[in-house]
Amino acid sequence: MTTELSPIDKAKYVAAKRAAGFVDKGMRVGLGTGSTAAWLVRCLGERVKDEGLRFRGVPTSTRTAELAKSVGIDVITLDEARWLDVTIDGADEFDGELNLIKGGGGALLQEKIVATASDQMIVIADAAKEVETLGAFPLPVEVIPFGWQTTQALIEEMLISMDVMGRNSALRMNGETPFITDEGNYILDLNLGRIGDARQMAMVLNQMPGVVENGIFVDICDTVIIGFSDGRVETRDINEGSVSEDRIDVEDGDNLFSDLGD
Ligand code: 5RP
85 MTTELSPIDK
95 AKYVAAKRAA
105 GFVDKGMRVG
115 LGTGSTAAWL
125 VRCLGERVKD
135 EGLRFRGVPT
145 STRTAELAKS
155 VGIDVITLDE
165 ARWLDVTIDG
175 ADEFDGELNL
185 IKGGGGALLQ
195 EKIVATASDQ
205 MIVIADAAKE
215 VETLGAFPLP
225 VEVIPFGWQT
235 TQALIEEMLI
245 SMDVMGRNSA
255 LRMNGETPFI
265 TDEGNYILDL
275 NLGRIGDARQ
285 MAMVLNQMPG
295 VVENGIFVDI
305 CDTVIIGFSD
315 GRVETRDINE
325 GSVSEDRIDV
335 EDGDNLFSDL
345 GD
């Protein structure tokens with residue numbers, strides 16, 4: 085049985101399907117986390133099944149690892165792969181220079197390690213993720229549980245000297261208890277409104293004791309593939325300075341993933 089995809093899912097799906105075409109036989113591929121990345125993993129699973137495509141995937145979370153294995157992708161660790169041909173992942177925001185905010189799904193640490201160890205990072209997103217200036221989406225910062233409230237206070241104090249609109253932060257929760265990352269850490273979501281200098285913010289945050297990593301990705305993403313609900317797909321490559329557009333027809337039978345979670 086198939087059900088009609090929502091407009092947002094169509095947009096994510098066409099971006100993911102286009103990105104799946106970047107994977108070739110024998111590649112080592114970083115597999116992102118989140119609802120858009122989950123579409124990618126399913127699209128790659130289809131290529132494994134239909135074309136016999138063989139490649140190795142390095143997942144960026146336990147969720148993605150489980151999904152990738154379930155659709156027949158050969159899963160290896162980053163240390164087994166050492167270096168990746170490409171990483172394909174979603175994002176919470178991207179700007180015109182392809183700086184990103186990531187970590188809405190809480191996997192920013194593994195995502196940044198994996199993307200940085202790749203020849204190319206491709207972000208897949210719907211058009212609503214594009215922003216003029218990063219910061220409307222709360223910036224996720226992974227902190228160690230020890231002394232997290234002290235770390236939070238130090239971060240808020242540091243923000244006084246930064247070009248931001250807001251300085252409040254909140255511990256991410258999972259129901260009644262703190263959300264725990266795959267590495268056993270907490271996430272602080274910083275409500276900054278606007279980040280005037282993303283590069284500086286990323287560097288200053290990472291110098292603070294207690295901070296493990298932050299969700300700003302600068303100079304990591306090479307390509308963004310933007311999906312639209314009418315099937316249009318725009319591909320922007322920051323290195324080549326190129327923009328191209330095409331279309332993917334979404335057939336009813338393409339809704340193979342009605343059981344999909346992120
Ligand atoms: C997970 C991430 C995701 O890529 C980001 O949150 C986007 O998720 P989605 O595709 O569900 O909107 O960074 O840590």
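336 is the number that the numbering used here gives to position 252 of the sequence shown; each next residue is one higher, with no gaps.
All C-beta atoms, glycine included, are put in the ideal place defined by N, C-alpha and C.
query, result
"Own chain, CB closer than 7 Å to Asn323, minus 5 neighbours either side, in chain order", "Asp306"
"Contact test: Gly105 Cβ vs the ligand 5RP heavy atom, cutoff 7 Å", "no"
"DSSP state of Gly345 mapped onto helix, strand, coil", "Note that Gly345 scores a pLDDT of 49, beneath 50, so its modelled location is shaky; the value from the coordinates is reported in the next line. Correct three-state label for Gly345: coil."
"Inter-residue Cα distance where the pair is Met287 and Glu181", "18 Å"
"Sheet register partners of Asp274 (DSSP bridge)", "It is worth fixing the name first, because residue 274 is Leu in this sequence and not Asp. Its beta-bridge partners are Leu223, Ser253."
"Delimiting residues of the alpha helix (DSSP H) encompassing Ser119", "119-135"
"At least three beta-carbon pairs within less than 8 Å, the stretch 169-177 to the stretch 106-116", "yes"
"Ala209 - DSSP class collapsed to helix/strand/coil", "strand"
"Reduced DSSP secondary structure (H/G/I, E/B, other) of Arg320", "strand"
"heavy atom of the ligand 5RP below 7 Å from Gly156 C-beta", "no"
"Span of the beta strand (DSSP E) around Ser328", "326-331"
"Nearest-angstrom Cα separation, counted from Ala175 out to Arg316", "19 Å"
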